[in-house]
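**Q** Let me give you the structure first, and then I'll get to my questions.
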Amino acid sequence: MKTAVYRNRKIVIDELNREEFQSIYIAGKRGELSCPTCKEKVQLYLGILSDPHFFHHSLPEKRCPVPGRLDTGLQPQTENHYIERNGFRIPQGRTITEENSAPVKFKTAKPIEYKVPFKQTQTNSPGSLPPYLQQLSANGVILDDSQTKAVIDTEGPLLVLAGAGSGKTRVLTCRTAFMLEAKQIDPRTIMLVTFTTKAAAEMKNRLLSYPNMKREKIQQLITGTFHSIFYRILMFHDAASWSSDKLLKKEWQRDRILKEAGKELDLSEKEFAYDLALQQIGLWKNTMLLPAEVRPASEWEEKTAILYKKYEDYKNRESLFDFDDMLIGCYQLLKTTPAILEYYQDRFQYFLIDEFQDINKVQYELIKLLSNKHKNVCAVGDDDQAIYSFRGSDPNFLLEFEMDFHSSKTVTLEQNYRSSHEIVSAANQVISANKLRKAKKMQAQFSSVEMPLIFFPFDEEEEATMIVTDISERIANGANPADFAILYRTNAASRAVFERLARSNLPFKIDMDAEAFYDRYIIRCALAFLKVSLNEEDPNSMTEILPLLFLKQSALKDMKALSILQDCSLLEALMHLKTSHAFQEKKLKKAVPLIRALKTLTPAKAIEKIEKEIGFLDFLKKRGNEANQIEKGSDDLKDLKVAAKSFDTIDVFLEHAEHMAAMNKEIKNLSKHFRDAITLSTIHRAKGLEYKYVYLLGAVDGSLPHDYALETSRNGDFSGLEEERRLFYVAMTRAQEGLYLSIPDNRRGKKANRSRFLAPLLKISKKAKFQ
Ligand SMILES: Nc1ncnc2c1ncn2[C@@H]1O[C@H](COP(=O)(O)OP(=O)(O)OP(=O)(O)O)[C@@H](O)[C@H]1O
1 MKTAVYRNRK IVIDELNREE FQSIYIAGKR GELSCPTCKE KVQLYLGILS
51 DPHFFHHSLP EKRCPVPGRL DTGLQPQTEN HYIERNGFRI PQGRTITEEN
101 SAPVKFKTAK PIEYKVPFKQ TQTNSPGSLP PYLQQLSANG VILDDSQTKA
151 VIDTEGPLLV LAGAGSGKTR VLTCRTAFML EAKQIDPRTI MLVTFTTKAA
201 AEMKNRLLSY PNMKREKIQQ LITGTFHSIF YRILMFHDAA SWSSDKLLKK
251 EWQRDRILKE AGKELDLSEK EFAYDLALQQ IGLWKNTMLL PAEVRPASEW
301 EEKTAILYKK YEDYKNRESL FDFDDMLIGC YQLLKTTPAI LEYYQDRFQY
351 FLIDEFQDIN KVQYELIKLL SNKHKNVCAV GDDDQAIYSF RGSDPNFLLE
401 FEMDFHSSKT VTLEQNYRSS HEIVSAANQV ISANKLRKAK KMQAQFSSVE
451 MPLIFFPFDE EEEATMIVTD ISERIANGAN PADFAILYRT NAASRAVFER
501 LARSNLPFKI DMDAEAFYDR YIIRCALAFL KVSLNEEDPN SMTEILPLLF
551 LKQSALKDMK ALSILQDCSL LEALMHLKTS HAFQEKKLKK AVPLIRALKT
601 LTPAKAIEKI EKEIGFLDFL KKRGNEANQI EKGSDDLKDL KVAAKSFDTI
651 DVFLEHAEHM AAMNKEIKNL SKHFRDAITL STIHRAKGLE YKYVYLLGAV
701 DGSLPHDYAL ETSRNGDFSG LEEERRLFYV AMTRAQEGLY LSIPDNRRGK
751 KANRSRFLAP LLKISKKAKF Q
């Protein structure tokens, strides 16, 4: 049904402006839409699989005949909407430019066609298996030929180049079991390194389920992350220096040291991106660059390098250490104490390393050092899934494995057991555009009736609505909420979808350490302006905005005194504040009426005013190094404007923000108890995981690839773009049966261009018939 009645007017979907869909959808949810024929309440369907239409609530769904215009007794929307101005007929409530262009049509979701037809491949030949693998196979742990090779070839260096979903975990666990059972290797000589502690625990659990695996033996294996294993070594040799109370566990602890050091350089907290500096220092440390060895490439790096030196000096003075020091410390211990090195070279005879593509220099050097005697290193990784270069990881260690580990063999795992042929073909198409990679083509084991789809929401709000509609429908039809993952490039991008899910009754979980959107520093500051506008005596919000007015926190005390002396509000006290700059005083005098007037505006307009007229953007620019930030403050403001668009008044918007920040905390607490819940996650966090249905948000340039990679590619450095493409690939290959890529027409309030990574897929789809 294409027609409904809204506020006594007939509305026809095809005549609506594209950006009105979301508000009509919300009106339907509020019960404000009705059927022109039977007058019952209707809602707007805004999903992925069908085009928008109005529907009745009744089950089975009622289908009313659409009345002619006169039958309803109502005026159609178009005739109601024009007014006469200067002799022109102008649409009421809309701008001329909007109406001059024909209403943008809703674009139906497009299937991604594939070039190569599905062919079932013969994967295993059980007859020729060693007895223990036959036993495993009889227990349902089947290995294909390449996996078998990777399992039984236990001596010498081996690189297992494993495509996505090719069973890396299965190979690693079977290889360990094979070494223990078939080769009777002492578990204490085997080191199994995983990317996360959780992965190590899962592997041990899986091992326990294999035939003849004894708990005592498994417990003797040296398993864990690089950090946990090498920390144990340090503790064994020098427990006093490395005791855990000296560890800088939390980011805020390191942040505080850096900020203290920054004071000596007069680097204001508000003008210098300390979070990035901390990341950069970690990167230098992981690439084994000591402060004296750093060659800064920019003014910002120069300052960061000075902070690096001060940070290290402070730690040494106070006998503290951070996580990166564990690896560097262990390397130094082994390098400088030949007896200890020899002891461990004899002790560790077999190395199994998962996620080898994300290894960094210090980790690599440690493994080279320790394995130098026995040389039994099995490195398992996928260069196409290297996504941590910002932390110092370097896929070249995988690509150049053969050079460092002479006479090494390589086994390539290309069978993909996770995803349908349709998804695998699309992912192959995308990743093959990367130049720096080992060529491999994944082959799927099954074909699905569902084609991967590209869909085209108007903006982030509609994107969230369409996805949540789709998930709700599938859950209503029997799917488990745990089957679904919604993936995004940066945490900030999850705002709309979080809000939509929070208002639904669907269970969902999000990363524990992802800061709630409304708790982000920049967002809090922007909202503080709105709060001060409503309440001129609000000291907490005033505290938040002082730095944005380039005032120190001590100004608040003066303002409080001034407000008593001058008998004025705290806000108005700004007008009487004496600073050492006449120019600044003039600016403050101007700011007061501007802030005061915000309350008369819609939230979206008010934020625009804060941004442009009150100087928020200037502040952000001064904050430093914006171009390199993964999550830029100015982007936060744009996101906030999109969120604000759905609200008419500031108080309702502020209430919503407060509610959502509280919900965020609640969901995080509840998540621990949810077993069956929809996953909201960054792509980075979804690495190694799999879901039946995956939705990827914002497949547009600027989001994926991220702006920073586009920026560096303009200067001729394409490594960032290649890493972004790998992220895209990781996201696609998490899906088993359904993959839905979203290309919003608008992002952060501006027209968006579809992600350049989609080009090979759209070329194929052009030939396909649209559904
Ligand atoms: N030989 C096999 N036959 C059938 N299923 C298999 C086989 N090997 C692995 N699988 C299944 O394939 C899926 C993917 O395996 P796994 O998660 O180990 O892949 P992966 O290589 O670690 O993936 P990624 O690198 O993309 O995270 C799992 O569900 C696993 O049980």
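Going by UniProt numbering, 358 is the number at position 358 of the sequence shown; the sequence numbering is gapless. We treat Cβ as the ideally placed atom computed from N, Cα and C, and that holds for glycine. For clarity, every value in this text was computed on a predicted model and none was experimentally measured.
Name the DSSP beta bridge partners of Gln718, please?
**A** At residue 718 the sequence reads Phe, which differs from the Gln that was named. Under DSSP, Phe718 forms no beta bridge with any residue.
**Q** From the DSSP output, which residues share a beta bridge with Pro111?
**A** Leu453
**Q** Any idea what DSSP makes of Lys599, helix, strand or coil?
**A** Of the three classes helix, strand and coil, the one that applies to Lys599 here is helix, per DSSP.
**Q** Tell me whether Ile467 is buried or exposed, calling it buried when 16 or more other Cβ atoms sit within 10 Å of its Cβ.
**A** buried
**Q** With a Cβ-Cβ cutoff of 8 Å, do Thr382 and Ala164 count as a contact?
**A** Thr is not the amino acid found at residue 382; the sequence shown has Asp there. In contact: Asp382 and Ala164 (Cβ atoms closer than 8 Å).
**Q** State the DSSP-derived secondary structure class of Gln584, mapped to helix, strand or coil.
**A** helix
**Q** Tell me Gln43's beta-bridge partners as DSSP assigns them.
**A** Looking at the DSSP output, Gln43 sits in a beta bridge with Phe55.
**Q** Report yes if the C-beta distance between Lys435 and Leu161 is below 8 Å; otherwise report no.
**A** no
**Q** At what residue ranges does the stretch 483-534 contain a whole run of the alpha helix (DSSP H), taking only runs of 4 or more?
**A** With a minimum length of 4 residues, the continuous alpha helix (DSSP H) runs that stay inside the stretch 483-534 are 495-502, 521-534.
**Q** I'd like the span of the beta strand (DSSP E) that includes Arg736, first residue to last.
**A** With the sequence shown as reference, residue 736 is identified as Gln, and Arg is not the correct amino acid for it. From DSSP, the beta strand (DSSP E) with Gln736 extends over 735-742.
**Q** Please state if the CB of Pro111 and the CB of Pro457 are separated by a distance shorter than 8 Å.
**A** no
**Q** Which whole-angstrom value is the C-beta distance of Arg685 and Asp511, which I expect to be below 8 Å?
**A** A Cβ-Cβ separation of about 6 Å places Arg685 in contact with Asp511 under the 8 Å criterion.
**Q** What's the gap between the Cα of Ala27 and the Cα of Ile595?
**A** 32 Å
**Q** If Phe55 sits next to Val42, beta carbons under 8 Å apart, how far is it from one beta carbon to the other, in whole angstroms?
**A** Contact between Phe55 and Val42 holds: CB atoms are separated by about 6 Å, below the 8 Å threshold.
**Q** Which value, in whole angstroms, describes the spacing of the CA atoms of Ser419 and Ala444?
**A** 6 Å
**Q** Got a sec? Which residues, its chain only, sit under 7 Å from Ile545 by beta carbon, not counting five neighbours each side?
**A** Cys525, Ala528, Phe529, Val532
**Q** Quick one: Cα of Arg726 to Cα of Phe455, how far?
**A** For Arg726 and Phe455, the distance between alpha carbons rounds to 21 Å.
**Q** Can you give me the Cβ contacts of Glu585 inside the same chain, cut-off strictly under 6 Å, excluding the 5 residues immediately before and after it?
**A** Cβ within range, chain order: Thr579.
**Q** Within the continuous alpha helix (DSSP H) that includes Gly28, where are the two ends?
**A** 21-29
**Q** Any chance you could list the alpha helix (DSSP H) runs of at least 4 consecutive residues sitting entirely within the stretch 126-153, in chain order?
**A** 131-138, 145-152
**Q** Give the DSSP-derived three-state secondary structure of Thr337 in the structure shown.
**A** Three-state DSSP puts Thr337 in coil, outside helix and strand.
**Q** Can you tell me whether Thr733 sits near ligand 1, meaning its C-beta is under 7 Å from at least one heavy atom of the ligand?
**A** yes
**Q** Is there at least one non-hydrogen atom of ligand 1 closer than 7 Å to the beta-carbon of residue 774?
**A** For residue 774 there is no data in the structure shown, the boundaries of the chain being 1 and 771.
**Q** Using C-beta distances below 6 Å, list every residue in its chain close to Thr287, excluding the 5 sequence neighbours before and after it, in chain order.
**A** Lys361, Gly392
**Q** Check each candidate in Ala177, Leu696, Asp538 and name the one with the smallest Cα separation from Leu570.
**A** Asp538
**Q** How is Ile90 classed by DSSP in three states: helix, strand or coil?
**A** Since pLDDT at Ile90 reaches only 40, below the 50 mark, its modelled position is unreliable, and the value read off the structure follows with that caveat. Looking at Ile90 - three-state DSSP - the assignment turns out to be strand.
**Q** Could you compute how far the alpha carbon of Cys568 sits from the alpha carbon of Asn535?
**A** 13 Å
**Q** Can you list the beta strand (DSSP E) stretches of 3 or more residues lying completely in the stretch 308-392, in chain order?
**A** 350-353, 377-381
**Q** Identify the continuous beta strand (DSSP E) that holds Val411 and give its terminal residues.
**A** Per DSSP, Val411 belongs to the beta strand (DSSP E) from 409-413.
**Q** Under 8 Å between the Cβ atoms of Asp384 and Leu49?
**A** No; because the gap between Cβ atoms is not below 8 Å, this pair is not in contact.
**Q** Decide if the stretch 285-305 is in contact with the stretch 398-405; the criterion is three or more beta carbon pairs, one per stretch, under 8 Å apart.
**A** no
**Q** Alpha carbon to alpha carbon, how far is Lys375 from Asp354?
**A** 17 Å
**Q** Measure the alpha-carbon distance for Tyr6 versus Ile683 and round it to whole angstroms.
**A** 40 Å
**Q** Apart from the five residues on each side of it in sequence, which residues of its chain come closer than 7 Å, Cβ to Cβ, to Arg754?
**A** Ala699, Val700, Ile743
**Q** Going by beta-carbon coordinates alone, are Ala464 and Ala496 separated by less than 8 Å?
**A** yes
**Q** What does DSSP give as the partner residues of Gly262 in its beta bridges?
**A** DSSP output for Gly262 lists no bridge partner at all.
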